[in-house]
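Shown next, in structure tokens, is the structure this report addresses.
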Amino acid sequence: MMLLALRWVRTYIEHMAQAPVLDRLKILADAAKYDASCASSGTAKRNSRDGKGIGSTEGMGICHAYAPDGRCISLLKLLLTNHCIFDCHYCINRKSSNVVRARFTPQEVVDLTLSFYRRNYIEGLFLSSGIVKSSNHTMEQLIEVARILREEHDFRGYIHLKTIPEADPELMAQAGLWADRVSINVELPTDAGLSRLAPDKSAPQIEGAMGNLSHAIADAKDAQKHFRRAPRFAPAGQSTQMIVGADGASDAQIVGKASTLYDRFGLRRVYYSAFSPIPEASAVLPLKRPPLLREHRLYQSDWLMRFYGFAPAEVQQAAEPDGMLPLDIDPKLAWALKFRGRFPVDLNRAPREDLLRVPGLGTKAVSAILAARRHRTIRLDDVARLTVSIKKMRPFIVTVDWRPTLLTDRLDLRARLAVPAKQMELFA
Ligand code: SF4
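Whatever position you read off the sequence shown (first residue = 1), add 236 for my numbering.
Rendered as structure tokens:
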């Protein structure tokens, strides 16, 4: 056992010393692609327009590009190392995986970030890591990257640190002083799923660490109200990521978990990442990835709770009897079809909260309707100009020149509004 451990340490040191930076970048940027939680909304405004420092969280600096699979690509997104002493079944970097390993030193990540930034490739850094030696050691290395960037280079760009829940709370507190956003992956929607698929992790520990971060963020905000120079702590808040489809959790369970996390820890975002089968996968994992459309439907349900006034229980009501959200229609439409008694909604009279329930009507369109109806009566054409497709909306609205009569109650309404199977295949 001892011999094995020594060999592992030697391989680790040798590889990191020998491989050129570009080779390691290839490995560690690729290894980071499984992490979806990299959007950088909501951070504090900082820039270097006055000639001081380098970087910015504003303007062009913070417009994000997303890859076709929805992952953010405007940040330099990498792992400090893909070595790991944990053995999470769903993870390609787990200790029993045969993957090629690499590691950066904190200074190397700093150099890469600055040189990518100067070439205008990125606007910030998203840094995560496998756990090497110990949780505390790894956390110290992550913090060191952020410290050097901020303290030695006056870097004012965006930094998102993925923190390690098993590390000392003192280290987590330091991370928040340098980073704009901190995050801890909750990993799986249920505690049972976590103990089965990530045996080295503990749900109480993860949630305890999220709780500590949430208090520190709230305390710092409070202190800033009273003292202008009070230190900032993760001004862009904390987020988390849940893997979808690796365990048997239903969408209703995932929605319930996400809503608890938002309520308890004031999270900025919960990210959903469809589980991707990995090479030499453990036998406890499913063989097939869930459809990407499932991830998309979960994001839509998340938006219903955050921006459309839906209670978690209402989103769960949109699910099928097996707890899964339908794939052929979005969750708002699924809910409307189940609660047809709430429709049609009169666009000239209904309050904002009822307008937000109309399938196909987004928050901007609702605001535009509310503003327009102060001066004139809303007609169907007005709504058509505000939305992508009026077809989905017709059965659920009344305007001065339109009333759906029996359309809202038609038995085949769902079939008429569902996404055709061919279009669904695009997401498969
Ligand atoms: S701790 Fe993180 S990097 Fe290590 S095996 Fe688990 S998920 Fe992968």
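All C-beta atoms in this analysis are idealised placements derived from N, C-alpha and C, irrespective of residue type, glycine included.
(message) Given this structure, state the Cα-to-Cα distance separating residue 407 from residue 342, to the nearest angstrom.
(response) If you take the alpha carbons of residue 407 and residue 342, they lie about 16 Å apart.
(request) May I ask whether a heavy atom of ligand 1 can be found less than 7 Å away from the beta carbon of residue 268? (result) no
(request) Starting from the N-terminal side, write out each stretch of the alpha helix (DSSP H) that is 4 residues or longer and does not extend beyond the segment 526-605. (result) 528-543, 548-553, 567-574, 588-591
(request) Determine the closest residue to residue 649 out of 636, 564, 614, with distance taken between C-alpha atoms. (result) 564
(message) According to DSSP, is residue 261 part of a helix, a strand, or is it coil?
(response) helix
(request) Rounded to whole angstroms, what's the CA-CA distance from residue 296 to residue 417? Just pull it up for me. (result) Residue placement at residue 296 cannot be trusted, given a pLDDT of 32 that sits under 50; what the coordinates show is reported in the next sentence. Rounded to whole angstroms, residue 296 and residue 417 show a C-alpha spacing of 19 Å.
(request) Look at the alpha carbon of residue 647 and the alpha carbon of residue 509, and state the distance between them as a whole number of angstroms. (result) 35 Å
(request) Please confirm whether residue 543 and residue 613 have their CB atoms less than 8 Å apart. (result) no
(request) With DSSP collapsed to three states, give me the class of residue 508. (result) Here residue 508 carries a strand assignment [DSSP, helix/strand/coil].
(request) Drop a sphere of 10 angstroms on the beta-carbon of residue 461, count the other beta-carbons inside from all chains shown, and report buried for 16 or more, exposed for fewer. (result) exposed
(message) Using CA atoms only, rank isn't needed, just tell me which of 587, 554, 584 is closest to residue 576.
(response) Closest by alpha carbon: 554.
(request) Note down the Cα distance separating residue 337 from residue 377, rounded to an integer number of angstroms. (result) 17 Å
(request) Excluding the 5 residues preceding and the 5 following residue 518 in the sequence, name in chain order all residues of the same chain whose CB lies nearer than 6 Å to its CB. (result) 325
(request) May I ask which residues mark the beginning and end of the beta strand (DSSP E) holding residue 418? (result) 417-419
(request) Leaving aside the five residues before and after residue 395 along the sequence, list all residues of the same chain whose C-beta is less than 7 Å from its C-beta, in chain order. (result) 360, 361, 382, 385, 414, 415, 416
(message) Under 7 Å: does the beta carbon of residue 698 sit that close to some heavy atom of ligand 1?
(response) Absent from the model: residue 698. The displayed extent of the chain is 237 to 664, so no value can be given.
(message) Please tell me whether, using a cut-off of 7 Å, the distance from the CB of residue 362 to the nearest non-hydrogen atom of ligand 1 is below it.
(response) no
(message) At the level of alpha carbons, what is the spacing between residue 315 and residue 265?
(response) 7 Å
(message) For residue 557 and residue 486, I'd like the C-alpha separation in whole angstroms.
(response) Approximately 10 Å between the Cα atoms of the pair.
(message) Which runs of the beta strand (DSSP E) at least 3 residues long sit entirely within the segment 455-493? Give them in chain order.
(response) 474-480
(message) DSSP three-state label for residue 341, please.
(response) coil
(request) Note down, one range per segment and in chain order, each beta strand (DSSP E) of at least 3 residues found wholly within the segment 335-385. (result) 360-364
(request) Count the other CB atoms, across all protein chains shown, that sit within 10 Å of the CB of residue 463; report buried if there are 16 or more and exposed otherwise. (result) exposed
(request) Keeping to the same chain, check which residues put their C-beta closer than 8 Å to that of residue 580; ignore five residues upstream and five downstream. (result) 631, 632, 633, 634, 639, 640, 644
(request) Could you check the C-alpha separation between residue 437 and residue 420 for me, to the nearest Å? (result) 12 Å
(message) Here's the rule: buried if 16 or more other CB atoms are within 10 angstroms of the residue's CB, otherwise exposed. What is residue 520?
(response) Classified as exposed, residue 520 has fewer than 16 neighbouring CB atoms from the shown chains inside 10 Å of its CB.
(request) Report yes or no: do the segment 583-591 and the segment 602-619 share at least 3 C-beta pairs separated by less than 8 Å? (result) yes
(request) With distances taken Cα to Cα, identify the nearest neighbour of residue 427 among 473, 410, 468, 478. (result) 478
(request) With DSSP as the reference, label residue 619 as helix, strand or coil. (result) Helix, per DSSP.
(message) Can you determine whether any heavy atom of ligand 1 sits closer than 7 Å to the C-beta of residue 322, and answer yes or no?
(response) yes
(message) Using C-beta distances below 6 Å, list every residue in its chain close to residue 322, excluding the 5 sequence neighbours before and after it, in chain order.
(response) 367, 436
(message) For a test of the three-state rule: what should DSSP assign to residue 632, helix, strand or coil?
(response) helix
(message) Quick check on DSSP: helix, strand or coil for residue 399?
(response) coil
(message) Counting only C-beta atoms, is residue 651 closer than 8 Å to chain D at any point?
(response) Note that chain D does not occur in the displayed structure, where there is just one protein chain.
(message) Along the chain, where does the beta strand (DSSP E) containing residue 503 start, and where does it finish?
(response) Residue 503 -> no beta strand (DSSP E), and no H or E assigned at all.
(message) Please classify residue 473 as buried or exposed, where buried requires at least 16 neighbouring CB atoms within 10 angstroms.
(response) buried
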